Amino acid sequence: MLGEQSLLDYILSTNHGCRHITLIDPGKQSPQIATSRAIAAIEAGSKMIFIGGSTDTPDEIVHSTCKSIQEELELRCFAASQDPSADESTWEIPVVLFPGGAHALSPAADGITFMMLMNSRIRRFLIDEQLNGAPYLHKFSVEALPTGYLVFTPGGKVGEVGEVDLIESDQIELVNSYARTAQMFGFKILYLEAGSGANTQVNSECIESARLVEELCLIVGGGIRTGQQAAKAAKAGANWVVTGTLTEDADSIQQLKERISEIVEAI
Ligand code: 1GP
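All residue numbers for the sequence shown refer to this note's numbering, where the first residue is 394 and numbers rise by one.
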């Protein structure tokens, strides 16, 4: 949930330096566990929650997860509003769908990364999924965030499913052309993805090359597990760093908080 500010303004705002997004895959835990993880992530300094991941998660699960997190955020916000020593804005954190296609949507989300998988070889991820999803999003007033999505080596599952021409770490000029194209299409956000659980993150030169297109907000994710890796992405020009796996494989809420705090402090 967000306060008065529009979601896009919140995301594009550059007053805060680089911020952190926690990605939660609703197919990998119950809505209750997803909610406790989201709350712990926010306590550790995450400034946005992405809901997405697995391609086969039923809509009901995605919806219950978004709803459960939103309800808890509302409660926390209300409690903070009653406590003079607390700050309500701590809990004004957007819950955003990060979908693999025109499924797994929920009207309980604040918005959605409405993406073109720019380096896919197939029509389905360039325009067809979007054609199916747009009427639904319009009907339920879920804010669409115009996003170009680029997948780099190794690419992982999204690289395979998306039938992507993976971008290699030395294709610096190509990244710049994609970024310029994204900006000319009117996209506000460019997401640079190495694939969930990747053993290498998107390299700094590629991020820097996209950063030359100053108008774009850069989200960088895939394979980031340490403060040092996150700092590298931030230094190269990322506005947001996303992590998913490090939340999923944390042994406890305490460990999850420590891992996210390390990243938030580093960026
Ligand atoms: C995947 O970029 C995200 O879309 C997060 O990747 O799971 O490797 O953190 P990780």
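We put the beta carbon where it would ideally sit given N, CA and C, even for glycine. Predicted model, so just to flag it, every value in this text is computed and none were measured.
- Comparing alpha-carbon positions, the option among L400, K440 and I417 lying closest to V657 turns out to be K440.
- Selection A623, D644 and S597 evaluated against A629 yields S597 as nearest (Cα-Cα).
- Residue burial annotation: R514 is exposed, with fewer than 16 other C-beta atoms found within 10 angstroms of its C-beta.
- Going by C-alpha positions, G548 is about 5 Å away from A587.
- As the crow flies, the alpha-carbon of L519 is around 20 Å from that of V613.
- Beta-bridge partners assigned by DSSP to W633: R412 and I612.
- Going by DSSP, M577 is part of the alpha helix (DSSP H) stretching over I565 to F578.
- Bounds of the beta strand (DSSP E) holding P539 are E536 to V544.
- When rounded, the separation of the alpha-carbon atoms in D449 and G420 is 8 Å.
- The stretch 521 to 532 makes no contact with the stretch 558 to 567; the number of CB pairs closer than 8 Å stays below 3.
- Checking the 7 Å criterion, the Cβ of L405 is out of range of every heavy atom belonging to ligand 1.
- The closest CA to that of I486, considering only G493, A502, G494 and I617, is found on A502.
- The three-state secondary structure of V606, taken from DSSP, is coil.
- Under the three-state reduction of DSSP output, F471 falls in the helix class.
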